[in-house]
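**Q** Protein sequences appear in the order of chains A, B, C, D and E. Start counting the first sequence at 81; every next residue gets the next number (my numbering). Start counting the second sequence at 6; every next residue gets the next number (my numbering). Start counting the third sequence at 1114; every next residue gets the next number (my numbering). Start counting the fourth sequence at 191; every next residue gets the next number (my numbering). Start counting the fifth sequence at 191; every next residue gets the next number (my numbering).
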Amino acid sequence: ADVEVIHWWTSGGEQAAVSVFAREFDALGEDKWVDTAIAGGENARSATLQRTLGGDPPGAAQFNISRQFEELAEAGLLLDLTPLATEEGWKDFIRPAAILNVCEFEGKIYCVPVNIHSWQWAWASVPAFEKAGVELPKNLDDFIAAAPKLQEAGIIPFAIGGEAWQIGGAMGVVMLSQLGKEGHEAIYKDRNLDVAGGPEVKHAIEIFKSLKGLTDEGSANRTWNDTTNLVIQDQAALQIMGDWARGEFAVAGEKPGVDYACIAGPAEQPYLDTGGDIFLFPKQDDPAVEAAQLKMASMMVNPQVQALFNNAKGSLPVRDDVDMSLADDCMKVGLEILKDPDHVIQGAGIYLTQDSIGQLDDLWAEAWANPDLSVEEIQQRFVDIIASAE
Amino acid sequence: MAQLATANEGGAVVKTASSSGRKPFRITTLMSVIGTLPLILTAVGVFVICIIYSFVLSFTNSRIFPAFGPENFVGTDQYSRLWATGRWLVSVNNLWFFGLLSIVANMTAGYLLAVFMDQRIKAEDWFRSIFLYPFAMSLVITGLVWRWILDPNYGIQATVRGLGFTDFTFAPLVNASTAIYGLVVAGIWNGVGVTMAIMLAGLRGVDAEIWKAAKIDGIPTWRTYLFIVLPMMRGAILTAFILQCVGVVRVFDLVVAMTQGGPGIATQMPAVFVIQHITDRSNVGLGMAAATMMLLPVVILLGVQAFAQWRANKAKGY
Amino acid sequence: MTTDTMTVSSGASRIEAGPRGTKPKSLTFSRVGIYAFLVLAALFFLMPLWVMVVTSLKAMPEIQLRHIFQWPQQITFEPWLKAWDTACTGRDCNGLKPGFLNSVKITVVGTIISIIIACLNGYALSFWRYKGANVLFGLLVFGAFVPYQVVIYPLIIGMRELGIFGTFPCIIIIHTIFGMPILTLLFRNFFAALPPELFKAARVDGAGFWQIFFQIMIPMAVPITIVAVILQVTGIWNDFLFGTVFAGRENMPMTVQLNNIVNTTTGVREYNVHMAATILTAAVPLAVYFISGKWFVRGIAAGAVKG
Amino acid sequence: MTQHSVSIRDLSLNFGNVKVLEHLDLDIAQGEFIVLLGPSGCGKSTLLNCIAGLLDVSDGQIFIGGKNVTWEEPKDRGIGMVFQSYALYPQMTVERNLSFGLRVAGMKKDEIERRVARAAEILQIQPLLNRKPVELSGGQRQRVAIGRALVRDVDVFLFDEPLSNLDAKLRSDLRVEIKRLHQRLKNTMIYVTHDQIEALTLADRIAIMKNGVIQQLSDPHTIYNKPVNLYVAGFIGSPSMNFLQGTLDGTTFTAEDGTVIPVGTYQFTTPVTGATKAVLGVRPEHVVLGDEVARMPYSTEVEIEIVEPMGSDTLAWTKIAGQAVTFRVDSDVHLEVGQKLRIGFDPARGSIFNKETTNRV
Amino acid sequence: MTQHSVSIRDLSLNFGNVKVLEHLDLDIAQGEFIVLLGPSGCGKSTLLNCIAGLLDVSDGQIFIGGKNVTWEEPKDRGIGMVFQSYALYPQMTVERNLSFGLRVAGMKKDEIERRVARAAEILQIQPLLNRKPVELSGGQRQRVAIGRALVRDVDVFLFDEPLSNLDAKLRSDLRVEIKRLHQRLKNTMIYVTHDQIEALTLADRIAIMKNGVIQQLSDPHTIYNKPVNLYVAGFIGSPSMNFLQGTLDGTTFTAEDGTVIPVGTYQFTTPVTGATKAVLGVRPEHVVLGDEVARMPYSTEVEIEIVEPMGSDTLAWTKIAGQAVTFRVDSDVHLEVGQKLRIGFDPARGSIFNKETTNRV
Ligand SMILES: Nc1ncnc2c1ncn2[C@@H]1O[C@H](COP(=O)(O)OP(=O)(O)OP(=O)(O)O)[C@@H](O)[C@H]1O
Ligand SMILES: Nc1ncnc2c1ncn2[C@@H]1O[C@H](COP(=O)(O)OP(=O)(O)OP(=O)(O)O)[C@@H](O)[C@H]1O
Ligand SMILES: [Mg+2]
Ligand SMILES: [Mg+2]
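#1: Taking the C-alpha atoms as reference points, what is the distance between L505 (chain D) and P499 (chain D)?
#2: V254 (chain B) lies in the alpha helix (DSSP H); which residues open and close that run?
#3: Within 10 angstroms of the Cβ of T21 (chain B), are there 16 or more other Cβ atoms? Answer buried if so, exposed if not.
#4: Who does A130 (chain A) pair with in a DSSP beta bridge?
#5: Given a cut-off of 8 Å, decide if S205 (chain A) and V311 (chain A) are closer than it, judged by their beta-carbon atoms.
#6: Determine the DSSP secondary structure at H87 (chain A), reduced to helix, strand or coil.
#7: Report yes or no: is there a C-beta of chain B within less than 8 Å of the C-beta of F1213 (chain C)?
#8: Report the partner residues of N432 (chain D) according to the DSSP bridge assignment.
#9: If you follow the alpha helix (DSSP H) that F1304 (chain C) is part of, which residue opens it and which one closes it?
#10: For H197 (chain A), tell me which candidate among A:D442, A:W170, A:K393 has the shortest Cα-Cα distance.
#11: For ligand 3, is there any heavy atom lying closer than 7 Å to the beta carbon of D350 (chain D)?
#12: With a floor of 3 residues, list each beta strand (DSSP E) that falls wholly inside the segment 388-468 of chain E, ordered by position along the chain.
#13: Taking 7 Å as the line, does the beta carbon of V284 (chain D) fall inside it for any heavy atom of ligand 4?
#14: Skipping 5 residues on each side, what residues in its chain have a beta carbon closer than 6 Å to that of V79 (chain B)?
#15: Taking C-beta to C-beta, are P417 (chain D) and T516 (chain D) nearer than 8 Å?
#16: Contact between the segment 1258-1278 of chain C and the segment 1351-1367 of chain C is defined here as three or more beta-carbon pairs at a separation below 8 Å; is this criterion met?
#17: Does the contact criterion of 3 or more C-beta pairs under 8 Å hold for the segment 282-293 of chain B versus the segment 69-88 of chain B?
#18: In three-state terms, what does DSSP make of I126 (chain B)?
#19: Compare the Cα-Cα distances from M293 (chain B) to each of B:T34, B:Q310, B:I69, B:V51 and report the closest residue.
#20: Which of helix, strand or coil does DSSP assign to V150 (chain B)?
#21: Chain E partners of M237 (chain B), CB-CB under 9 Å?
#22: Roughly how many angstroms separate the alpha carbons of E212 (chain D) and A110 (chain B), rounded to a whole number?
#23: Taking the continuous alpha helix (DSSP H) assigned at I312 (chain A), which residues delimit it?
#24: Would the segment 1186-1200 of chain C and the segment 1380-1399 of chain C be scored as touching if the rule is three or more Cβ pairs under 8 Å?
#25: Note down the Cα distance separating A227 (chain A) from I1176 (chain C), rounded to an integer number of angstroms.
#26: Given this structure, state the Cα-to-Cα distance separating F349 (chain E) from T1141 (chain C), to the nearest angstrom.
#27: Please find out if some non-hydrogen atom of ligand 2 comes closer than 7 Å to the beta-carbon of F205 (chain E).
#28: So is the beta-carbon of C232 (chain D) under 7 Å away from any non-hydrogen atom of ligand 2?
#29: Of all the alpha helix (DSSP H) runs that stay within the bounds of the segment 24-94 of chain B, which reach a length of 4 or more residues?
#30: Can you list, in chain order, the residues of its chain with a C-beta nearer than 8 Å to that of W324 (chain A)? Leave out the 5 residues immediately preceding and following it.
#31: Which of the three DSSP states, helix, strand or coil, is assigned to F535 (chain D)?
#32: Along chain C, which residues have their Cβ under 7 Å away from the Cβ of V294 (chain D)?
#33: Distance, Cα to Cα, I320 (chain A) vs A202 (chain A)?
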């Protein structure tokens, strides 16, 4: 049967990755992968939700790791993957374990994680730092200390695009670099307001505010890859961006360690969150389609497919036993960190509703754009959001 | 009246039946109702029901999907949260500011262009097409291109600096306090052609003799345009104004494509707020509360107008 | 030019000294000003198009130089071919091409149906007003102010109940609904400005609701129909939101592919391809504007200007 | 009842609260040419539209050909209608304009052709049949509009100011044509106009309307010479009737300044007792000068104030008893402003109205 | 040259290739009331607009008050103009309508007030000064429009069909008012109309135009009684002049059917030699019946075809020498369709035209 898949993988690299899935699925037999690409996660997710509501759901749909689909599961609109997962023993090989927990709702599994992306990376232009005569920073405090020299050398110290999600993401990274796993979980998971109002958060906000002074005036509305391009061209020294930025450097022919450096954390003690993409399978009337959906789910976690897919996508696989010989240095660092569960955290999106995440994004965006907001005020509002989060 | 009596010689006839009886149901009325069935369905079935639906939803804590369970009703919580949300307040302010500025600017520019187009110029067709074509472009594209042009590193600023004016600064989108002007410029670029066309049609509809009278009175052309002709174009102005209002209230694509509401939340708009909350932010209840608030001014305006009309009709005796 | 005949007589002309004939048209200051203003305005309006065209003709390395107003040093039509034919929009790498026919189909059918319905509405509201018709019309105009997204959920549910969600008729109905307020307003104003005698004459002639509509009113409504066509073609062609939700997979319009090309968030941004795709997508409404711009103004004069 | 072609009984029509027509009765005989004459806004068109069925009456009944048609559709009433703005269907040729109604009714093709040919022949518009209305002159358009009523082969023709949009010359030509048409077809015609020349020349009977009420319904001669009230007297006649304000006592009329005008020759319709405020009306063409003055019951010496030569006659403005009076003389008579001369008139040819009731006495 | 208020020399005007006016000359004396009369499209408004400076002439000169104003701005020509559509500024009160031009010219406040007050007094519009145009009747609007010309205190008034939008009654009232205004102000007036009654009653001299050429420029009496050509003869007079086609030989006119009409009493302007195709024109009011017939050089027995009572007179249609003829009789005379009677006329009061040149002989 035909299984229509909605996803937002429309760029060159993504397209290659999604083709792996499609090829492998088609190769399984009579079933067929029907591709519906809609650029922009927001657009694609909306389309999935709305079509599901309209009674014309796709056979499979890409989502981010988050609580966005809880309600779909609650409403019984999703195919229950538990029997398949039990049979194939997903719990045994998918790691870190947290990533599968995301798919669990009231004891049942409703989705398939297919890759891991982490936000906690800083990308530095090696020539830029050399030109300014400073060492590559190991943490953010180092970086801020080195910034004046970079500026003197005519280099933009900190590259960022002014879109809310870039700012929010970067702030999350700054925050985690200060809080560590414990603090992170205390705030988002346990809603500990003391920690939220504590000195680590305050320092994180201070760093965040000083980063603002290190950007260029073109940052407003700049897309993230245009921003990355500044680092590639050595006009800017450092960008905080998720591991997907690696693809940009690769395409530009840059070599890790020589032309650019990836700094996990950025901190001496780096933590990585386990964002990434998942697929869920809306319930269908046709049993043939349902069978095909299960086949597809199984295919997606298949080790060979995982290897091919993640190599193409430049992301980390969801299981250990895959061949990642093609991975570059940065990726290998990431894989290494992921092996230690103590350094793996769950993104805020797991603990908070999309609504609260959005409120945080708004807060960081406002704090970024409005220098008049004091650190105390920002922190107070942060505490308020955490307090009111569901 | 004596003459009338003679006209009435057949008075014996049905004179007693002074009433002509009930008006029979006309097949044409039925046809009219049938013919406007799509209208009825749309007006009642879509707009009324949808608005009521949205209104009811705004009292629930619906997240992704509309939820009407008794446990979902949360009273006016969404409204209190809405008005405590900084971003919403900024959005509302922005809408007024953006709306007023862009409508005024659009109408002014549209009228000005129309006036210049009215000077029996050569190549009128060309100019008209040039002013109109942006309307054919979707706002998404408009936003994208203007983002480029206003980008300090690519666009006008960079180009002028490249010419040697290294101090030249023109980057409205970068600054939270000026970004909204960037939106206005792009909005005008997109929509002023239609305003111009409407105004031009209005200008051409003005009685030629008014022009002659003004010339004989020795009234300078610009004063004639401003003080005599402009007040005569109520229909054209109203049409353009309504079109503008609809566009402003719904402004979404342009903001998303140009600034994504930034820098910070400086260019957030109510429509963006609503749409984000009912889609990605998964808080339909709050989104619907915001949508209801957006419709409020329109309801008030229409209500006032209907009331005024009702009063006027009553005074006239309809 | 003097003549010596000073007596009053008809026939012979006695031209005297001083100005005669047409006032010499020196290229006056104001004339120059008018053209200067118009040309400047035109440049302002053309600037984005210029940027788009120029960018679409450059190769990527040249774009990275960031001189967005500069004519390409080396013209390449590659981006155009790519945008049309080979750009990837997800797994399929067929460019904009596949959506084109869908867009045409949706636009043509949607425009025709929505205009017929709006025309019918305007006609009925002008000539066959039944009780409550004006209230209905008021509600409709009110609907013009509702952001689309607000009414999407109920519409989805409604379409689901009708069993046509995600089909071609569904997207047509949606476009008809959202085009209705403005179009109905246009047609109503147009018909209201027609002499009512025409309608009366037709009634005396025995024509009924439909006969008057089809045989008398539709042929008269050409000017305003052109305005409606222009507005509706632009609106439907540029729609993205309804296309993704209501059209169904087989009927996805071109804008979905354009969005996929332009709004991809990862990977290298091929601005030249983006611009080429943008121009290609806008080509149809642009053509409509350039061809019928003259009638647009006339049509507006016929219908929209009278309050 | 059957002898009446059109009968209107107790007709009322309101637009909302505005009463345009109130308790109006009117009977029109078979073949009669009735003209509805009145100032703008008096309800002429409204009445015509009610007869045609284009407006729903508020109360009352309408009979056409003896049949109660109050609630019939316009097409079933056996009427044809011609409008001021011609109301030709702009996108159809003349031939299709004429045949539209017949085709709508599903009439046979050869019958349609026959009728169109006949109408075209009557109206002399055969060469125009393939043109569109924009290609016609005003007069031609009006002829086509009449043709459209003609082909319907109906008993009653309704005209709503059919000639108002035409220039004077054409108007008088078409007026004659309509008169000829009526003589030839002999069907009932109801004709609305505010041009009194049209009314006087065309009508068998004229209905003078004011504020939705018929003031007088009579043949043109009576209307012109024996107007029933001040309104009709002032409305009909151009230049209009001269009115002298004064008091009537028996057979003497005393103008406001004391001038006495003997009105013994006047035929009173209602006996007047005692002194009554009255208005004496004299038509400009009934004022005489020269030899004839001697034969008039009343004459006086006046000074000419304005002279208006109108080609065939000349109009002079002067004062009698301190009140403005115009009189008409043959254009051969040479008058000058400031000239003094003697004029006179016979009250028997004038009209006297009670000032309060405004009715003729 | 200075004695002329307005002089037009060799004026030509083209719209592109269309020549509307060609080599037109016209001299208007100080204080004269000139009416431009002609059918629609003959160029009357165009000529007026040229004088006002609203159109750029193609060739020729225009003098106003002895000054060459060919290239002057309208406001500097010393003219005021009144339009058919009134052209009042709709959003301004009457007072501001009157004063707007003066205020724009920067005139002193008390002078403006004085002028407005004077104009309002002359036109009797004082109570209307604070109203807006929409609140005025047609006649009041037209008065305000005249007032706007009045306040400009100019020598020359231009009127472009100022009364065409009014109904008949108002038209004749305002006509008299304009006449009075002229008598009072004594300034030059140029008045465009296509209503011949207006032309005949108002004008000192009438210029009859056709296709941009002045056909005849004379006082109303001459125009009416001695038209210079067939065109003027047919254009002036309502009902229009009867034309009999025939041949003129010496003092005998032989109609086409052989009927002989002696025209010995006619005063020829140009001697005619030999038999010439000619047209004999007789005005309807110059046809007599009854006793007077005997005194006429020509009389014949005719049958009445149509009778049009027009209130003050009656128009009858018949045939003389097989050609249609109308004649006017007093309304007292009772005529019936089909009635036979004897009528006659005196060719001395008629006009004879050369059929080829169409000029009067
Ligand atoms: N649709 C309507 N709604 C309200 N009032 C109306 C309507 N139609 C006409 N009237 C009013 O009814 C009255 C009579 O109008 P009607 O058209 O019958 O006048 P009329 O005698 O034909 O005038 P005219 O000579 O200007 O045609 C007028 O006062 C007019 O304002
Ligand atoms: N702007 C113009 N362009 C081209 N032709 C014109 C223009 N204005 C007038 N004409 C033509 O010039 C001729 C004279 O027009 P004009 O308005 O002077 O006529 P008129 O005598 O005033 O007629 P009316 O009695 O209808 O007002 C007409 O044939 C008209 O078609
Ligand atoms: Mg009427
Ligand atoms: Mg004219």
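Glycine included, every Cβ here is placed at the ideal spot set by N, Cα and C. Since the structure is predicted, the reported quantities are computational estimates derived from the model, not experimental observations.
**A** A quick look at the data gives this:
#1: 6 Å
#2: 239-254
#3: Low local confidence applies: a pLDDT of 38 at T21 (chain B) is under 50, so the model's placement there is unreliable, and no value is given.
#4: Before going on, a small fix: residue 130 (chain A) reads as Gln here, not Ala. Q130 (chain A) is not bridged to any residue.
#5: yes
#6: strand
#7: no
#8: D:V472
#9: 1281-1305
#10: A:K393
#11: yes
#12: 395-400, 403-408, 432-439, 442-445, 450-452
#13: no
#14: N66
#15: no
#16: yes
#17: yes
#18: coil
#19: B:I69
#20: helix
#21: Y279, P280, Q281
#22: 54 Å
#23: 304-312
#24: yes
#25: 30 Å
#26: 31 Å
#27: yes
#28: no
#29: 32-40, 42-45, 54-62, 82-89
#30: H197, G394, S395
#31: strand
#32: D1318, G1319, A1320, Q1324
#33: 4 Å
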